[in-house]
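In this note's numbering, each number is its position in the sequence shown, counted from 1, plus 40. All C-beta atoms, glycine included, are put in the ideal place defined by N, C-alpha and C.
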Amino acid sequence: MGRERLKKLGQLLVEFNYITEEQLKDAIAKQGDSPNKLGELLIELGYMAEEDLIQVLEFQLGVPHVKLSNYFYNPQLVQYIPENIARRYNVVPIGIKQNTLLVAMSDPSNLLAMDDIEMISGMKVEPRISSRKDIKQALHQLYSGGEDDTTEIIASLDDYQGREEPELDKLKEMVEDAPIVKLANVIISQALQTGASDIHIEPQAERVRVRFRIDGVLRENMTVPKYIQAALISRIKIIADLDITKRRIPQDGRIAMSINGMKVDLRVSTLPTIFGEKVVIRLLTKDSGLIKLDQLGFIAANYSKFKGLIENTHGIIMVTGPTGSGKTTTLFAVLNHINSIEKNIITIEDPVEYQVSGINQIQADRKTGLSFASAMRSILRQDPDIVMIGEIRDEETARIAVRAALTGHLVLSTLHTNDAISSITRLLDMGIEPYLVASTVKGVVAQRLVRRLCNNCKESYQPGIGEEQFLLLDGKQQIYRAVGCNQCNQTGYRGRLAVHEVLLVDEQIKQLIVQRVSEQEINEFAATNGMKFLPEDGIIKVKEGITSYDELVRVIV
């Protein structure tokens, strides 16, 4: 069967005038002594170009070809194909279509490779043809982090020395130079590849430090010479449509762009420091799928409470926690779960982080006067069933949310408080009457994000006395700690999950709110009625080996 297929390929190459009959016969004769397939051998003998072979294979196999050098690929896809498999089969992941992984291969007839990738990724595999050269370059960028490229780019900027504060006209020329453009692109690409949520570009006295926030923790990625500072920061400001002439006032901007096949929203903030402008870039990837409700990390008891909570048809449901605790992710998991053709769902956000089909999303903009409160007033005239407010920031927004809940709408929102019960106090402090809070708030979820232990390298150990007391262990149970390996970039952790506490505002809690009792009294009542608080939820996840004691203490205590 294999010989017939190769023979057919050879006949096609002759028919398309890429090779002669004599060249085909010569290659077939030499094939017995070569491990290469016919097509590879013809290229090796110099009888044809690889680009021509790809065109014929596309015709013969019915597999489309892609030119990866002009292709934007998503670095986050490397989680589906380990590096050793990618290099063994000369294959790179280039996209996901429904539950199918699209891959570029130099040999799409390799069924063994596709079977292995399907088993590892858990998805069907759909091949594309690409040249070995393109795949080699893609493998380098996807799996090596492009460190060599960064070094070469910085080395090519040596002639910038002595120009720390260039004139404006010269600066405008510098930011268009290919090396500066490449350096800015490489920084953003590496941040995306490592799963960073933020990039910090920080001028120091004698250098510029670049750090990435990965899984909630800042890590230094590289340093660049001081003489590159003005051009690099100005390049970032230009792509974010900021004014490069204004260096002594903070500026904020954003831009949507495509980087390596991923649609990314960059939120850029600049701040003048004594050593120059510090830049922070928030990376919002529009291609990352929404998390499902059962992927939020709720323990069984809390998951049951939460599902019951979001089945309400009216009232206020709040998710609370500090900045970066995953509140928006949780809210959109809820919206995605309850979204249907029968419901009119409208959101007001700043910024719009997830774009969801079937939901009407509004971008708040203080510059144009479109605040949460003003947008909410207009939303309520749009006959909504469900309204999501990015954040309740003031009394005006809180009162409109209460009015919406009282008139039969389900309102989802966030607050910045340390725990679930203090969010009730926050609404009261905003001036909302206790009876209104009691009659509209259905429940509150407080959460924090902790890092997941890397399953490849985590190790079990016998905890010390202090750990046993905190975790309420019996002295026999072992727990896990971080170690570090290549798969987790030597951190011991890969990804994050939430720890939660869920407060249901039942009739007894309503009475306590109306009576304006202290937070402590509500806490005590909730505890006696089985509410699990943040530390307790975290302890369960430490015992299950999902996270570590050290990580829980870092985030919760």
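Quiz item: By a C-beta neighbour count over all protein chains shown, 10 Å radius and 16 as the cutoff for buried, is residue 412 buried or exposed?
Solution: Your numbering for residue 412 matches position 372 in the sequence shown. Counting Cβ neighbours within 10 Å, residue 412 comes out buried, since at least 16 surround it.
Quiz item: Apart from the five residues on each side of it in sequence, which residues of its chain come closer than 6 Å, Cβ to Cβ, to residue 188?
Solution: Numbered from 1 along the sequence shown, position 148 holds the residue referred to as residue 188. Confidence is the limiting factor: at residue 188 the pLDDT is only 48, short of 50, which leaves the residue's position unreliable, though a coordinate-based value still follows. Same-chain partners within the cutoff: there are none.
Self-check item: Cα-Cα separation, residue 513 to residue 143
Solution: For this step, residue 513 is matched to residue 473 along the sequence shown. For this step, residue 143 is matched to residue 103 along the sequence shown. Whole-angstrom Cα-Cα distance: 47 Å.
Quiz item: Which of the three DSSP states, helix, strand or coil, is assigned to residue 254?
Solution: Numbered from its first residue, the sequence shown carries residue 254 at position 214. Note: residue 254 maps to strand in three-state DSSP.
Quiz item: Counting Cβ pairs, one atom from each stretch, are 3 or more of them under 8 Å apart for the segment 383-394 and the segment 408-428?
Solution: yes
Exercise. Specify, as a first and last residue, the run of the beta strand (DSSP E) that residue 538 falls within.
Key: In the sequence shown, residue 538 corresponds to position 498, counting from 1. Counting along the chain, the beta strand (DSSP E) containing residue 538 begins and ends at 533-544.
Practice problem: Determine contact between the segment 259-274 and the segment 227-244, defined as no fewer than three beta-carbon pairs at a distance below 8 Å. | Solution: yes
Quiz item: Do you know offhand how far residue 170's Cα is from residue 141's?
Solution: Mapped onto the sequence shown, residue 170 falls at position 130. Mapped onto the sequence shown, residue 141 falls at position 101. So the two alpha carbons sit approximately 16 Å from each other.
Quiz item: When we look at the beta-carbon of residue 534 and count the other beta-carbons within 10 Å, is it buried (16 or more) or exposed?
Solution: By one-based count along the sequence shown, residue 534 stands at place 494. Buried is the call here.
Self-check item: Expected contact under 8 Å - CB spacing of residue 149 and residue 175 to nearest Å
Solution: If you number the sequence shown from 1, residue 149 lands on position 109. If you number the sequence shown from 1, residue 175 lands on position 135. The Cβ separation is near 15 Å, so there is no contact.
Quiz item: Who pairs with residue 401 in a beta bridge, going by DSSP?
Solution: Here residue 401 corresponds to residue number 361 of the sequence shown, with the count starting at 1. Beta-bridge pairing links residue 401 to 387.
Quiz item: Looking at the unbroken alpha helix (DSSP H) that takes in residue 577, where does it start and where does it end?
Solution: The count along the sequence shown starts at 1 and reaches residue 577 at position 537. First-last of the alpha helix (DSSP H) with residue 577: 574-583.
Practice problem: Use the C-beta contact count for residue 340: other C-beta atoms within 10 angstroms, 16 or more gives buried, fewer gives exposed. | Solution: Numbered from 1 along the sequence shown, position 300 holds the residue referred to as residue 340. Exposed, because fewer than 16 other Cβ atoms sit within 10 Å of the Cβ of residue 340.
Quiz item: For residue 396, which three-state DSSP category applies?
Solution: Along the sequence shown, read from residue 1 onward, the residue named residue 396 stands at position 356. If DSSP states are grouped into helix, strand and coil, residue 396 belongs with coil.
Self-check item: Euclidean distance between Cα positions of residue 112 and residue 268
Solution: Counting from one through the sequence shown, the residue named residue 112 turns up at place 72. Counting from one through the sequence shown, the residue named residue 268 turns up at place 228. At residue 112, the pLDDT of 49 sits below 50, so the modelled position is not reliable and the matter cannot be decided from this model.
Quiz item: Does the Cβ of residue 344 have 16 or more other Cβ atoms within 10 Å, making it buried, or fewer, making it exposed?
Solution: The residue you call residue 344 lines up with position 304 of the sequence shown. Residue 344 comes out exposed.
Quiz prompt | Start and end residues, beta strand (DSSP E) containing residue 144 | solution = Walking along the sequence shown from the start, residue 144 turns up at place 104. Here the beta strand (DSSP E) through residue 144 covers 140-145.
Quiz item: How should residue 48 be labelled, buried or exposed, when 16 other C-beta atoms within 10 angstroms of its C-beta is the threshold for buried?
Solution: The residue labelled residue 48 in the question sits at position 8 within the sequence shown. By the neighbour-count rule (16 or more Cβ atoms within 10 Å), residue 48 is not buried but exposed.
Quiz item: How big is the Cα-Cα spacing for residue 405 and residue 438?
Solution: By 1-based counting over the sequence shown, the position of residue 405 is 365. By 1-based counting over the sequence shown, the position of residue 438 is 398. Residue 405 and residue 438: Cα-Cα distance of roughly 18 Å.
Quiz prompt | beta strand (DSSP E) segments (min. 3 residues) lying fully within the segment 305-393 | solution = 316-325, 355-360, 385-389
Exercise. Alpha carbon to alpha carbon, how far is residue 151 from residue 296? Give it in angstroms, no decimals.
Key: Taking the sequence shown and counting its residues from 1, the one referred to as residue 296 is at position 256. Taking the sequence shown and counting its residues from 1, the one referred to as residue 151 is at position 111. Near 38 Å, if we compare the C-alpha coordinates of residue 151 and residue 296.
Self-check item: Reference residue 224; option with closest CA among 283, 66, 321
Solution: Taking the sequence shown and counting its residues from 1, one reaches residue 224 at position 184. Among 283, 66, 321, the Cα nearest to that of residue 224 belongs to 321.
Practice problem: Return yes when the Cβ of residue 493 is within less than 8 Å of the Cβ of residue 586, no when it is not. | Solution: The residue given as residue 586 occupies position 546 in the sequence shown. The residue given as residue 493 occupies position 453 in the sequence shown. Their beta carbons are under 8 Å apart, which means residue 586 touches residue 493 by this criterion.
Practice problem: Look at the alpha carbon of residue 46 and the alpha carbon of residue 154, and state the distance between them as a whole number of angstroms. | Solution: Position 6 of the sequence shown holds residue 46. Position 114 of the sequence shown holds residue 154. Here residue 46 scores only 43 on pLDDT, less than 50, and its place in the model should not be relied on; the value that follows carries that caveat. Whole-angstrom Cα-Cα distance: 20 Å.
Quiz item: Using a C-beta cutoff of 8 Å, does residue 377 count as contacting chain B?
Solution: Protein chains in the displayed structure number just one, and chain B is not present.
Practice problem: Tell me whether residue 255 is buried or exposed, calling it buried when 16 or more other Cβ atoms sit within 10 Å of its Cβ. | Solution: As a working mapping, residue 255 is identified with position 215 in the sequence shown. So residue 255 counts as buried.
Self-check item: Cα-Cα separation, residue 84 to residue 333
Solution: Within the sequence shown, the letter at position 44 stands for residue 84. Within the sequence shown, the letter at position 293 stands for residue 333. Approximately 53 Å, taken between the alpha carbons.
Self-check item: residue 426 Cβ short of 7 Å to the ligand MN heavy atom set
Solution: The ligand MN is not part of the structure shown, which contains no ligands of any sort.
Self-check item: Rounded straight-line distance, which links the Cα of residue 498 to that of residue 524
Solution: Taking the sequence shown and counting its residues from 1, the one referred to as residue 524 is at position 484. Taking the sequence shown and counting its residues from 1, the one referred to as residue 498 is at position 458. Their Cα atoms are separated by approximately 8 Å.
Quiz item: How long is the line joining the alpha carbons of residue 368 and residue 178, rounded to whole angstroms?
Solution: Counting from one through the sequence shown, the residue named residue 368 turns up at place 328. Counting from one through the sequence shown, the residue named residue 178 turns up at place 138. Going from the Cα of residue 368 to the Cα of residue 178 covers about 33 Å.
Quiz prompt | Pair within 8 Å by beta-carbon distance, residue 319 and residue 279 | solution = To locate residue 319, count along the sequence shown from 1; it is residue 279. To locate residue 279, count along the sequence shown from 1; it is residue 239. No, these two residues do not count as a Cβ contact at 8 Å.
Quiz prompt | Euclidean distance between Cα positions of residue 348 and residue 378 | solution = Reading the sequence shown from its first residue, position 308 is the one you call residue 348. Reading the sequence shown from its first residue, position 338 is the one you call residue 378. Roughly 12 Å between the two C-alpha positions.
Quiz prompt | Distance between residue 397 and residue 358 (C-alpha atoms, nearest Å) | solution = Stepping through the sequence shown from its first residue, residue 358 is reached at position 318. Stepping through the sequence shown from its first residue, residue 397 is reached at position 357. The straight-line gap from Cα to Cα measures roughly 23 Å.
Quiz item: Are residue 488 and residue 361 touching if we call contact CB-CB under 8 Å?
Solution: Here residue 488 corresponds to residue number 448 of the sequence shown, with the count starting at 1. Here residue 361 corresponds to residue number 321 of the sequence shown, with the count starting at 1. Their beta carbons are under 8 Å apart, which means residue 488 touches residue 361 by this criterion.
Quiz item: Got a sec, what are the start and stop residues for the beta strand (DSSP E) residue 421 sits in?
Solution: Translated into positions along the sequence shown, residue 421 becomes position 381. Looking at the DSSP string, residue 421 is not in any beta strand (DSSP E), and its letter there is neither H nor E.
Quiz item: Is residue 291 buried or exposed, if buried means 16 or more other CB atoms sit within 10 Å of its CB?
Solution: Here residue 291 refers to the residue found at position 251 of the sequence shown. By the 10 Å Cβ count, residue 291 comes out buried.
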